[in-house]
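As structure tokens, the structure follows; a few thoughts come after it.
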Amino acid sequence: MDSYRLLRPLLFRLPPEASHQLTLKALSLAGRIHPLDQFLADAVRGRLPQHPTTVMGIPFPNPVGVAAGLDKHASAVDGLSALGFGFVE
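Here this note's numbering = 1-based position in the sequence shown + 19.
Dropping the structure here:
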């Protein structure tokens, strides 16, 4: 069973803000501990299509990014990057 099928039911039982905060804390922790960061990157590698994109001369690994409102305090930037987003505001 992959982590999505395991974690989704648990997170959906929580109030939305609690789920959001828990997820950001987990991603923040994963971004600070290299083996966890690498585990996230390895888990999504191969599942995501690669569509390198260049915008205004800036290369991005793919065109899907995360807006600043998701992680208002920029505490989980490395964890979000490990998930395969092309950019994190």
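Positions of the beta carbon are idealized from the N, C-alpha and C atoms, including for glycine.
Straight-line measurement puts the Cα of Gln40 at about 25 Å from the Cα of Pro82. Phe104 is the residue among Ala37, Phe104, Asp90 whose C-alpha sits nearest the C-alpha of Pro78. In this chain, the alpha helix (DSSP H) harbouring Pro54 covers 53 to 63.
Taking C-alpha positions only, Phe58 is separated from Met75 by approximately 32 Å.
Cβ atoms of Asp97 and Leu43 stay farther apart than 8 Å, at about 12 Å. Under DSSP, Val85 forms a beta bridge with Val107.
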